[in-house]
Structure formats: structure tokens, C-alpha cells
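Some notes on the structure that comes next.
Chains as they are written, first to last, in the UniProt record's numbering: chain Y, 1 to 406; chain X, 1 to 275.
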């Protein structure tokens with residue numbers, strides 16, 4: 001898709017310093033010299049919110065900005081819609097510089113392009129669910145009938161049909177945040193800013209909401225900037241992850257890049273508690289199958305020879321179109337060879353379990369325990385690789401160790 | 001050490017205003033007196049019994065509380081029976097005008113004070129003075145500006161009863177949770193949209209508590225205002241004090257209490273209903 005290559009948000013050298021106005025230039029100079037956060041606070045009474053952050057977000061991408069509390073992630077996202085005015089740096093949304101907009105232009109951008117979902121839902125308690133969902137449209141000045149329609153559609157999208165006339169306090173936490181999400185979606189913004197949107201929910205509900213967001217995203221293709229302190233959440237949702245510490249970006253990349261190749265000790269410490277088997281996929285632990293048999297060319301004897309050479313007691317069989325159609329065991333092949341049969345089809349086992357390249361490594365372990373043959377990884381029916389117990393365990397322990405030591 | 005002539009200075013400045021502006025305030029007084037007597041006469045047009053039934057019905061319609069409605073009926077009948085009806089109507093008129101004036105001035109000031117810290121810094125100490133200054137003191141300058149009578153009484157009552165309206169409006173708006181205000185901003189609300197769609201609706205219960213306080217303070221001022229000729233129930237109490245008539249003093253006092261209870265309960269109910 002070509003739209004995925006378009007840059008939606010570009011942040012350049014963004015810095016936010018909190019504190020008395022007169023002392024901010026001093027703090028800025030100290031920051032440029034590389035002084036750390038505590039010393040700057042001591043010397044100038046200025047706090048560093050965000051320090052020289054640069055990144056881009058592609059259209060249709062979910063980017064997760066992650067860090068512990070106080071790492072500046074919430075400040076950073078509030079700079080994107082200028083709930084907080086940055087001290088220095090530029091923010092471009094669709095090539096429009098947000099930092100120089102007048103109050104009215106800023107309102108226009110907020111009304112049309114930026115939806116926001118808040119950690120503590122921030123629903124208006126004096127308005128019904130429907131009135132909450134239509135707030136943004138009401139602010140835009142849309143006619144009551146039309147905005148009601150859109151609010152209903154948005155509420156239906158998040159699974160709240162039938163709750164339109166209830167008040168927020170009658171809803172559970174998870175449902176309240178659905179209203180929060182519907183309120184943002186109703187305006188049909190290009191960009192969703194989600195500030196720790198699921199952090200206040202209990203783990204089961206949180207997991208449901210994450211799944212639902214992924215589902216919605218597949219339909220809607222918004223650009224989502226998601227703030228989180230939870231690495232598992234970041235790994236689940238993020239196409240890319242930005243890790244922040246003390247206001248600065250310490251690493252950005254895909255989940256696997258960050259896990260397997262932590263840029264600093266901080267990142268390594270952050271990721272060491274992650275269950276690596278949840279993050280690694282079949283693709284990253286599989287090995288290349290060295291030989292395949294095709295019934296058109298190979299008989300039981302040649303299949304047997306392949307197996308002896310590779311040290312496996314099974315071999316997979318594919319047809320002319322490289323579609324994997326079954327497997328032959330060494331026992332069956334040697335019996336057939338002794339009987340003098342030439343056909344592989346008759347001794348081929350046709351039903352076998354397979355996985356796809358993106359199956360999580362955690363799911364592989366129980367499957368491997370149940371089957372007597374190597375687990376094939378197929379994509380569109382073609383062989384991508386095989387997974388054997390030994391290679392999986394080796395991969396898990398190696399990745400685990402490399403992030404421990406780094 | 002020479003005495004600092006603070007009193008003289010205040011007196012001189014008040015005199016200055018009286019000399020230069022009293023023609024305006026006196027003209028205002030004439031108009032207001034007309035309005036007040038028009039209101040009183042209108043209320044008097046209704047037969048007391050009819051008036052009482054209407055009030056009891058209104059109380060029931062507003063609060064849906066049968067007990068309070070019956071209390072209003074019985075209480076007002078008692079007042080009528082004590083032959084204090086005219087004085088009560090006069091007092092209610094005075095309280096009504098004073099309260100409305102206090103609210104029309106006080107609520108906007110409260111809103112501005114909540115939204116601008118600079119205004120707030122000026123308003124707060126002024127409110128402190130208004131609330132701690134003995135109420136009697138307001139009566140003195142009220143007379144040269146408005147002459148003896150009801151308008152001067154209303155002036156003093158407005159000043160005395162306005163602070164809670166300002167303070168609680170300000171408080172109510174400041175208490176709107178920060179994340180909700182931030183949310184309204186994030187969705188692109190203008191300042192007015194934020195005020196009318198979020199801050200004022202959220203502050204309504206607190207503002208209503210302020211309205212309640214203002215009404216109660218205005219009622220408590222009527223006796224004091226009687227000293228400068230406000231008449232009404234306060235006038236009855238004042239006369240009883242001067243003649244040492246304990247019975248009629250208490251009768252008028254009870255009438256004030258009855259009016260106060262009815263107003264307080266109805267307003268409280270209206271305030272809490274919004275929550």
C-alpha cells in the first residue's frame with residue numbers, strides 16, 4: 001500500500017522545559033551541554049519534560065511511546081496537540097507546522113485531525129454516553145441529527161449499542177473507555193492520541209480492549225500514537241516502539257529489534273522481564289529445511305537417503321507448485337524400498353500440523369511436545385522452514401541471554 | 001505619635017462621592033422604589049389564601065416532597081393568622097430583589113475570577129473585607145446615597161449577601177477536574193464552549209449552594225436593614241425590640257424562620273438534583 005509510506009507526523013528536535021520563564025534559556029544551554037536532568041533541576045529549578053526528541057510516524061501506523069512514569073511520554077504526546085506548548089523544536093502534521101499555529105488554526109487542527117483518548121477516560125459526567133460521543137461534533141457545529149447519527153455509529157463500532165442514553169457513572173471502567181474511544185472516533189480524525197488509554201483498566205479488560213483496538217485499526221487505518229508504560233502492551237500493539245528515558249528517546253524500532261538488540265543498558269533492563277517466547281515468532285526460531293522430496297522425481301530410496309544425510313527421520317514432500325502436501329517417515333520409506341515400490345504417494349502421511357511465520361514462539365512449545373515430526377512453517381502452502389525442539393530452545397535461551405547481558 | 005486619620009479619610013471620600021454622585025443614586029432610588037412597590041402591590045393583589053396554595057403547589061412541583069409542601073402550607077397559614085402577611089410579602093420582595101441583584105453581579109464576577117488568576121487576586125481580599133465587616137457598617141453609607149428606606153436596605157443586603165455567590169461560583173468552576181478541561185481543549189473547544197458545555201454545568205451544584213447561601217444571608221439581613229426603614233418582618237421585630245413586646249417579637253421571628261426554611265429546602269433540592 002502506498003499510503004503506508006506517507007509520513008503523517010514528523011517531530012524534530014522537540015524540547016519541553018518546565019519552570020520559571022526567566023531561567024529556561026539557562027536550562028536549555030545546560031541541556032545542550034549534556035547536563036543531566038537532576039543537575040539542571042538543582043541549578044535552574046527547571047524540569048526537563050522532553051529533551052531533543054525526533055521521530056516520524058507513518059500514516060496508518062500504530063506507534064507506541066513507552067517509558068516509566070516521569071520519562072516525558074505524556075508530555076511528548078501533549079505537545080503533539082499543543083495541550084502543552086513545546087519550548088523548542090518543530091512538529092509537522094501533514095507537513096503543517098503545529099508549533100506556529102495561531103489559537104484559531106490550532107483549534108481547527110484539533111477539531112479535524114486529532115482525536116484523544118485519556119488515561120482516566122475524562123468523560124463528562126453531566127452528559128449521557130451519546131452526548132459524550134458527540135461532543136467533538138457538537139463543538140464543530142454539526143447539526144444535532146447528523147451528529148447523533150455519527151455518534152451512534154461510533155458507539156456501535158466500540159460495541160456500546162443500546163447504552164446511548166445511560167450516564168457514564170453507570171458504566172464499568174472498560175465501557176467508559178469505550179465511550180472515550182467512541183468520542184474520539186466520532187470526529188473521524190486522521191490521528192488518534194491515546195494517553196495510557198488502557199492503563200486504568202484491570203488486566204483482562206485491558207487485554208480485550210487491546211484486541212479490539214487492533215481489530216478497529218484493521219478497518220479504520222488511523223495513525224495512532226499510543227502512550228504506555230507496559231512493555232507487553234507496547235509489544236502487542238506497536239508497529240514500532242519508541243522508548244523514552246528522562247525525556248529523551250533512547251531507542252526506537254520494532255518490538256523484535258528492541259528486544260533482541262537493546263541499544264542501552266536501560267532498554268535492556270526494561271525488556272529483561274519480558275517473556276521472550278511471547279515476542280519471538282515462528283519465523284525467528286525456524287531453521288531452513290535442507291531437503292524436500294517431490295514425488296515426481298524422488299522415490300522411497302532417494303527420500304531415505306536425504307533423511308540419512310540430514311539426520312532426520314522424516315522428510316516433507318511438495319508438489320510441482322512447491323505446495324507442501326505431506327511427509328514421509330524413514331520407517332515407511334525403508335519398508336517401501338524393501339518391497340521395491342517406487343511411489344512416494346502411497347506411503348505419504350497427508351495430514352500434518354503446521355504453523356505460519358507469525359505464530360508466537362510460546363504457542364509452538366505445546367505443539368512440538370505433541371507431534372513426532374519437525375513442525376513445518378508454511379506461508380501460502382509453501383515451506384518457509386521447520387522448527388525442531390532443539391532449535392526452538394536454543395533460540396529462546398540465546399535471545400534471553402543476550403538481553404540479560406547487554 | 002499622631003493619630004492616623006483613617007476614619008476621616010474614609011468619611012471624606014464617601015462625602016466626595018455623595019456630593020458629586022448622590023443626584024444619580026437618589027434618582028435611582030426613586031425608580032427602584034417604584035419597582036419595589038409595584039412588585040409588592042402585584043403580590044398583594046392575590047388573596048393570601050390563593051397565594052399560599054400556589055406556593056405550596058409550587059413547592060411540591062419543584063421538590064416532589066409532600067412533607068415540605070404541607071409544611072409550607074401550614075407555615076404560611078400561621079403567618080397569615082398572625083396578621084403578618086403584608087410584612088412577609090414585603091420581606092419576600094426585598095429578599096427577592098436583593099438576591100437577584102447579588103446573583104446577577106456575583107456569578108459573572110465568580111466566573112471571571114475562576115478563569116483569571118489576576119482577577120482572582122484582586123477579588124479575594126475584597127470578599128474577605130465584605131464578609132468580615134460588620135453588616136451594620138454598610139448601613140451608614142447606604143443612607144446618604146439612597147436615603148432612608150427600602151433601596152438603602154437592598155443596597156446593604158446585596159453587599160452583605162453577594163460574597164458566597166462569588167466564592168462558590170469561583171470554587172465550582174475551579175473544581176472541575178483538570179483532565180476534563182484538558183479533554184475539552186484537546187477536542188478543540190473555544191473558551192465559551194468550554195465554559196457553557198463543561199465548566200458551568202459541572203459547577204452548577206456548587207453555584208446553587210452559593211445561591212442558597214446568598215438567599216439565607218439576605219434573609220438574615222432584613223432585621224438589620226429594618227433599622228434604616230426597610231419595614232417588613234424585620235420592621236416588626238425592630239418595633240418589638242423598641243417596645244419590649246416579647247410576644248410580637250417572637251411571632252415575627254417565627255415568620256422569618258418559616259420563610260427561611262421553605263426557601264432553603266427548595267433551593268437545596270434544586271442544587272442537589274443536578275448532581
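The C-beta atom is built at its ideal place from N, Cα and C for all residues, glycine as well.
Rounded Cβ spacing between residue i and residue j (contact assumed at less than 8 Å)
| i | j | result |
| --- | --- | --- |
| residue 142 of chain X | residue 228 of chain X | 7 Å |
| residue 197 of chain X | residue 181 of chain X | About 11 Å separates the two Cβ atoms, so there is no contact after all. |
| residue 26 of chain Y | residue 44 of chain Y | 5 Å |
| residue 31 of chain Y | residue 50 of chain Y | The Cβ separation is near 11 Å, so there is no contact. |
| residue 155 of chain X | residue 224 of chain X | About 13 Å separates the two Cβ atoms, so there is no contact after all. |
| residue 185 of chain Y | residue 157 of chain Y | 6 Å |
| residue 56 of chain Y | residue 7 of chain Y | 5 Å |
| residue 146 of chain Y | residue 90 of chain Y | That belief does not hold up - the Cβ atoms of residue 146 of chain Y and residue 90 of chain Y are roughly 36 Å apart, past 8 Å. |
| residue 374 of chain Y | residue 314 of chain Y | 7 Å |
| residue 197 of chain Y | residue 117 of chain Y | 4 Å |
| residue 304 of chain Y | residue 333 of chain Y | 4 Å |
Contact check, residue i vs residue j, beta carbons under 9 Å
| i | j | result |
| --- | --- | --- |
| residue 202 of chain Y | residue 180 of chain Y | no |
| residue 46 of chain Y | residue 20 of chain Y | yes |
| residue 320 of chain Y | residue 291 of chain Y | no |
| residue 99 of chain X | residue 233 of chain X | no |
| residue 43 of chain X | residue 89 of chain X | yes |
| residue 150 of chain X | residue 36 of chain X | yes |
| residue 231 of chain Y | residue 256 of chain Y | no |
| residue 115 of chain Y | residue 168 of chain Y | no |
| residue 367 of chain Y | residue 353 of chain Y | yes |
| residue 235 of chain X | residue 164 of chain X | no |
| residue 325 of chain Y | residue 350 of chain Y | yes |
| residue 111 of chain Y | residue 110 of chain X | no |
| residue 318 of chain Y | residue 293 of chain Y | yes |
| residue 199 of chain X | residue 168 of chain X | no |
| residue 119 of chain Y | residue 69 of chain Y | no |
| residue 226 of chain X | residue 153 of chain X | yes |
| residue 18 of chain X | residue 262 of chain X | no |
| residue 124 of chain Y | residue 176 of chain Y | no |
| residue 158 of chain X | residue 93 of chain X | no |
| residue 62 of chain X | residue 266 of chain X | yes |
| residue 61 of chain Y | residue 195 of chain Y | no |
| residue 217 of chain X | residue 272 of chain X | no |
| residue 39 of chain X | residue 255 of chain X | no |
| residue 85 of chain X | residue 144 of chain X | no |
| residue 73 of chain Y | residue 348 of chain Y | no |
| residue 178 of chain Y | residue 92 of chain Y | no |
| residue 274 of chain Y | residue 263 of chain Y | no |
| residue 316 of chain Y | residue 295 of chain Y | no |
| residue 299 of chain Y | residue 344 of chain Y | yes |
Residue i beta carbon near the ligand SAH (any heavy atom closer than 8 Å)
| i | result |
| --- | --- |
| residue 134 of chain Y | Although the ligand SAH was asked about, the structure shown includes no ligands whatsoever. |
Okay, do the region 120 to 135 of chain Y and the region 144 to 154 of chain Y touch, 3+ Cβ pairs below 8 Å being the bar?
yes
Considering only residues of the UniProt domain "CBS" (348 to 403) of chain Y, which uninterrupted alpha helix (DSSP H) runs meet the minimum length of 4 residues and lie entirely inside it, listed in chain order?
361 to 370
Report the start-end ranges of each beta strand (DSSP E) in the region 120 to 204 of chain Y that is 3 residues or longer and not cut off at the edges.
191 to 195
Three or more C-beta pairs under 8 Å: does that hold for the region 171 to 185 of chain X against the region 106 to 114 of chain X?
yes
Stretch-stretch touch, CB-based, cutoff 8 Å, three pairs: the region 51 to 65 of chain Y with the region 222 to 242 of chain Y
yes
What are the start and end residues of each continuous alpha helix (DSSP H) run of 4 or more residues lying completely inside the region 8 to 78 of chain X, in chain order?
48 to 63
Using a Cβ-Cβ cutoff of 9 Å, what residues of the region 37 to 48 of chain Y are near chain X? List them in chain order.
none
Start-end ranges of the alpha helix (DSSP H) lying completely within the region 121 to 187 of chain X, minimum 4 residues
135 to 146, 150 to 174, 178 to 186
For the region 138 to 160 of chain Y, enumerate the residues whose C-beta is nearer than 7 Å to any C-beta of chain X, in chain order.
139
Using a Cβ-Cβ cut-off of less than 7 Å, list which residues of the region 183 to 217 of chain X approach chain Y; keep chain order.
183, 185, 186, 187, 188, 189, 190, 193, 198, 201, 202
Could you tell me whether the region 27 to 37 of chain Y touches the region 74 to 83 of chain Y, using the rule of 3 or more Cβ pairs below 8 Å?
no
Given a limit of 9 Å on CB to CB distance, which residues of the region 114 to 129 of chain Y reach chain X?
114, 115, 116, 118, 119, 120, 121, 122, 123, 124, 125, 126, 127
Positions along the region 170 to 201 of chain Y whose CB lies within less than 7 Å of some CB in chain X
none
Decide yes or no for the touch test of the region 31 to 43 of chain Y against the region 207 to 219 of chain Y: beta carbon pairs closer than 8 Å, at least 3 of them.
no
Can you pull out the residues from the region 167 to 178 of chain X whose beta carbon lies closer than 9 Å to at least one beta carbon of chain Y?
177
Can you find at least 3 beta carbon pairs, one from the region 200 to 208 of chain X and one from the region 125 to 133 of chain X, that sit closer than 8 Å?
no
Which residues of the region 110 to 139 of chain X have a Cβ closer than 9 Å to any Cβ of chain Y? Give them in chain order.
none
Looking at C-beta atoms only, is the number of pairs between the region 328 to 344 of chain Y and the region 354 to 363 of chain Y that lie closer than 8 Å three or more?
no
Can you list the beta strand (DSSP E) stretches of 3 or more residues lying completely in the region 24 to 68 of chain Y, in chain order?
47 to 58, 62 to 66
With 7 Å as the C-beta to C-beta threshold (strictly closer), list the residues of the region 81 to 96 of chain Y near chain X in chain order.
81, 83
Cβ-based contacts, 7 Å cut-off: residues of the region 238 to 270 of chain Y near chain X:
none
Please specify which runs of the alpha helix (DSSP H), each continuous and at least 4 residues long, are wholly inside the region 204 to 246 of chain X, giving them in chain order.
232 to 243
Can you give, in chain order, each stretch of the beta strand (DSSP E) that sits fully within the region 225 to 271 of chain Y and has at least 3 residues?
240 to 245, 248 to 253
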